[in-house]
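Trainee:
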Amino acid sequence: MKAVVGDKLHVHSATTGRPDQVAEVTEVRGADGAPPYQVRFDDGHQALIFPGSDCSVEHVT
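Residue numbering for the sequence shown follows this note's numbering, starting at 337 and increasing by one per position.
What follows is the structure in structure tokens.
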């Protein structure tokens with residue numbers, strides 16, 4: 337998984353009826369676009385994320 341600042345990280349919900357979470361990548365801390373990523377969610381919450389198999393990156397160009 338690779339991302340750049342500005343990409344969207346989608347955290348897919350494993351619970352039926354619960355929406356996916358979407359966060360904007362604000363900092364890439366790994367080498368060459370690799371995790372971990374500092375992200376900001378729509379509600380303003382910020383977190384350091386090591387994405388798992390429940391995540392995908394939407395490249396914003």
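Cβ atoms here follow ideal geometry from the backbone N, Cα and C, with glycine treated the same way.
Nothing here was measured: the structure is a model prediction, and the numbers come from that model.
So, for residue 354: in the same chain, excluding its five sequence neighbours on each side, which residues have a beta-carbon less than 7 Å away from its beta-carbon?
Mentor: Counting from one through the sequence shown, the residue named residue 354 turns up at place 18. Nothing listed; no residue qualifies.
Trainee: For my contact list, residue 361 and residue 341 are in at a C-beta cut-off of 8 Å; report their separation, rounded to the angstrom.
Mentor: Taking the sequence shown and counting its residues from 1, one reaches residue 361 at position 25. Taking the sequence shown and counting its residues from 1, one reaches residue 341 at position 5. With a Cβ gap of about 6 Å, residue 361 and residue 341 count as contacting.
Trainee: Assign residue 396 to one of two classes, buried (16 or more other C-beta atoms within 10 Å of its C-beta) or exposed (fewer than that).
Mentor: Counting from one through the sequence shown, the residue named residue 396 turns up at place 60. By the neighbour-count rule (16 or more Cβ atoms within 10 Å), residue 396 is not buried but exposed.
Trainee: In three-state DSSP terms, what is residue 359?
Mentor: Taking the sequence shown and counting its residues from 1, the one referred to as residue 359 is at position 23. In this structure, residue 359 counts as strand in the three-state DSSP scheme.
Trainee: In the DSSP assignment, find the beta strand (DSSP E) that holds residue 348 and state where it starts and stops.
Mentor: In the sequence shown, residue 348 corresponds to position 12, counting from 1. Neither: residue 348 is in no beta strand (DSSP E) and is coded neither H nor E.
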